[in-house]
Amino acid sequence: MMKRNIAVLGLALWAAASHGEEKSLNVYNWSEYMPAEVIERFTEETGIEVNYSTYDSNEVMYAKLKTLHEAGSDAGYDIVVPSNYYISKMGREGLLHKLDHDQLSNLDKLDPKLMDQGFDPGNQYSVPYTWGTTGIGINTELMAGQEITSWTDLWKPEFQQQVLLLDDMREVMGLGLIATGSSVNETDPDKIEAAYLKLKELMPNVRLFDAESPKVKLLEGEVSLAMIWNGEIYMANQEEAGLTDFIYPEEGVMLWIDNLAIPASAPHVEYAHQFIDFLLRPEIAVMIAEEIGYGSPIPEAVAALPEEVRSNPTVYPSDAQLAKVHLQEDIGEALQVYERYWQQLKVQ
Ligand code: SPD
1096 MMKRNIAVLG
1106 LALWAAASHG
1116 EEKSLNVYNW
1126 SEYMPAEVIE
1136 RFTEETGIEV
1146 NYSTYDSNEV
1156 MYAKLKTLHE
1166 AGSDAGYDIV
1176 VPSNYYISKM
1186 GREGLLHKLD
1196 HDQLSNLDKL
1206 DPKLMDQGFD
1216 PGNQYSVPYT
1226 WGTTGIGINT
1236 ELMAGQEITS
1246 WTDLWKPEFQ
1256 QQVLLLDDMR
1266 EVMGLGLIAT
1276 GSSVNETDPD
1286 KIEAAYLKLK
1296 ELMPNVRLFD
1306 AESPKVKLLE
1316 GEVSLAMIWN
1326 GEIYMANQEE
1336 AGLTDFIYPE
1346 EGVMLWIDNL
1356 AIPASAPHVE
1366 YAHQFIDFLL
1376 RPEIAVMIAE
1386 EIGYGSPIPE
1396 AVAALPEEVR
1406 SNPTVYPSDA
1416 QLAKVHLQED
1426 IGEALQVYER
1436 YWQQLKVQ
């Protein structure tokens, strides 16, 4: 009897596989941005296998997606997580699939303050996944007795070969723009050039560029200071409490929102909606926020976080700090000007 059942099951599996019915989902996300348990739990509940891969900049993700799209490939990604300023660009260029809100039962869990933003009116293409800031990280032992209050401190001659910069064009160009008194969304070529020239002066202090896991270099003491995402310092403190700290420079931190979206060429659109809806569940959002240390867009999840996370100033800035942020936005054609200077800077 048992043997017969196994044979029947084998036949059923073979039939499912030969009809292309195996359930899978291709997720392409930032590195260090989703706990493995979240993916395991999704697979347990739905039977959908997740093929998970990572990137460390919007530019890398965009280039890959664009190539797949232009090749007419349907073997690509089902979920990507672009920052706000890339959602508008990718939506405009036809690279994103319109979300079916009827398949997202947890949409109302999201903070209305983060919805219906200028970069995606009506949340046609995306819903927020996390939000965060870019400030200065320090190794507290190496920096003992030093006071860091401003982005321009990174230029101090005593920090030769001691600084890490994010391997992220908009972040680094934004740093140059802030240091020269311009907007992080500047489109005037002269002002962008001035930012580049200022960044060139910083290069003797720059030991390396890294956006995959910049906290490691701070924890290991390879650098004393870093331009860094707040979640990296949160995670560094989970690894070794007190060895690193996050500083809000007086000019203000940069602010961004990363969003869940479905590429236009996604092969598994229904599963992608299922996955997004799963991530919007408050209990899942708590698991994410507690591990990666970025702001959750789900108020119920924030309220359920342990007090030490909810009131951690690295993750959740004060109102005064939030009043002074630089929100990165879509800069349209000026992106090419940024790219030219970014390439020049990286070959210094
Ligand atoms: N390791 C995850 C980092 C996420 C950073 N995303 C936002 C970048 C905005 N330039």
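Everything in the sequence shown is counted per the numbering used here, starting at 1096 for the first residue and increasing by one.
Quick reminder that beta carbons are idealized off the backbone N, C-alpha and C, glycines included.
Asked                                                                                                                                                                                : Found
Enumerate in chain order the residues of its own chain whose CB-to-CB distance from Ala1158 is below 7 Å, with the five nearest sequence positions on each side excluded.            : none
Where do the N-terminal and C-terminal ends of the beta strand (DSSP E) with Glu1144 fall, by residue?                                                                               : Glu1144 to Tyr1150
Any heavy atom of the ligand SPD closer than 7 Å to the Cβ of Arg1136?                                                                                                               : no
Mind pulling the alpha helix (DSSP H) runs of 4 or more residues that sit fully within the region 1325-1400?                                                                         : 1325-1334, 1364-1374, 1377-1387 and 1394-1399
So, with DSSP's three-state summary, where would you put Leu1297?                                                                                                                    : helix
Where does Leu1194 sit, in a helix, a strand or coil, going by DSSP?                                                                                                                 : coil
When every heavy atom of the ligand SPD is checked, does at least one fall within less than 7 Å of the C-beta of Ser1413?                                                            : no
Kindly list the residues whose CB is nearer than 8 Å to the CB of Glu1385, restricted to its own chain and excluding five residues on each side of it in sequence; keep chain order. : Leu1400, Pro1401 and Val1404
Taking only the alpha-carbon atoms, compute the straight-line gap between Tyr1343 and Tyr1366 and give it to the nearest angstrom.                                                   : 39 Å
Can you tell me which residues form a DSSP beta bridge with Trp1125?                                                                                                                 : Tyr1150
When you compare the CB positions of His1164 and Ser1308, do they come within less than 8 Å of one another, or not?                                                                  : no
Return the CA-CA distance between Asp1305 and Pro1392, expressed in angstroms with no decimal places.                                                                                : 26 Å
Are the Cβ atoms of Ile1383 and Met1129 separated by less than 8 Å?                                                                                                                  : yes
Hey, Gly1269 and Phe1341: beta-carbon distance below 8 Å or not?                                                                                                                     : no
Out of curiosity, what's the CA-to-CA distance linking Glu1140 and Leu1417?                                                                                                          : 38 Å
Would Ala1290 be called buried (16 or more neighbouring beta carbons within 10 Å of its own) or exposed?                                                                             : buried
Just curious, the alpha helix (DSSP H) that Thr1138 is in, first and last residue?                                                                                                   : Ala1131 to Thr1141
Answer yes or no: the CB of Tyr1433 versus the heavy atoms of the ligand SPD, is any distance below 7 Å?                                                                             : no
Any heavy atom of the ligand SPD within a distance shorter than 7 Å of the CB on Tyr1128?                                                                                            : yes
Could you have a look at Thr1282 and say whether DSSP puts it in helix, strand or coil?                                                                                              : coil
So for His1114, helix, strand or coil by DSSP?                                                                                                                                       : In this prediction, His1114 has a pLDDT of 48, which is less than 50 and means its spatial position is unreliable; what the coordinates show is noted afterwards. Correct three-state label for His1114: coil.
Whose C-beta lies closer than 7 Å to the C-beta of Leu1422 among residues of the same chain, with five residues either side of it excluded?                                          : Leu1350
Hey, out of Gln1431, Glu1132, Asn1234 and Gln1369, whose CA is closest to Met1322's CA?                                                                                              : Asn1234
Just to confirm, does Glu1346 get its C-beta within under 7 Å of one of the non-hydrogen atoms of the ligand SPD?                                                                    : no
If contacts are defined as beta-carbon pairs under 8 Å, then Glu1345 and Ser1245 qualify, I think. What distance do you get, rounded to the angstrom?                                : 5 Å
Quick check on the burial criterion: 16 or more other C-beta atoms within 10 angstroms. Buried or exposed for Ala1331?                                                               : buried
Trp1437: beta carbon under 7 Å from a heavy atom of the ligand SPD?                                                                                                                  : no
Tell whether a beta-carbon distance below 8 Å holds between Leu1430 and Leu1205.                                                                                                     : no
Taking the alpha helix (DSSP H) that Leu1237 belongs to, which residues open and close that run?                                                                                     : Premise fails: Leu1237 is in no alpha helix (DSSP H) and is neither H nor E.
Should Glu1335 be counted as a contact of the ligand SPD given a C-beta to heavy atom distance under 7 Å?                                                                            : no
Under DSSP, the beta strand (DSSP E) around Val1176 begins and ends at which residues?                                                                                               : Looking at the DSSP string, Val1176 is not in any beta strand (DSSP E), and its letter there is neither H nor E.
Between Asp1263 and the ligand SPD, is the CB less than 7 Å from at least one heavy atom?                                                                                            : yes
Would you be able to state if there are at least three C-beta pairs under 8 Å between the region 1166-1179 and the region 1282-1297?                                                 : no
To the nearest angstrom, how far is it from the Cα of Gln1255 to the Cα of Val1301?                                                                                                  : 7 Å
Within the continuous beta strand (DSSP E) that includes Leu1249, where are the two ends?                                                                                            : It is not in any beta strand (DSSP E) - Leu1249 carries neither H nor E in the DSSP assignment.
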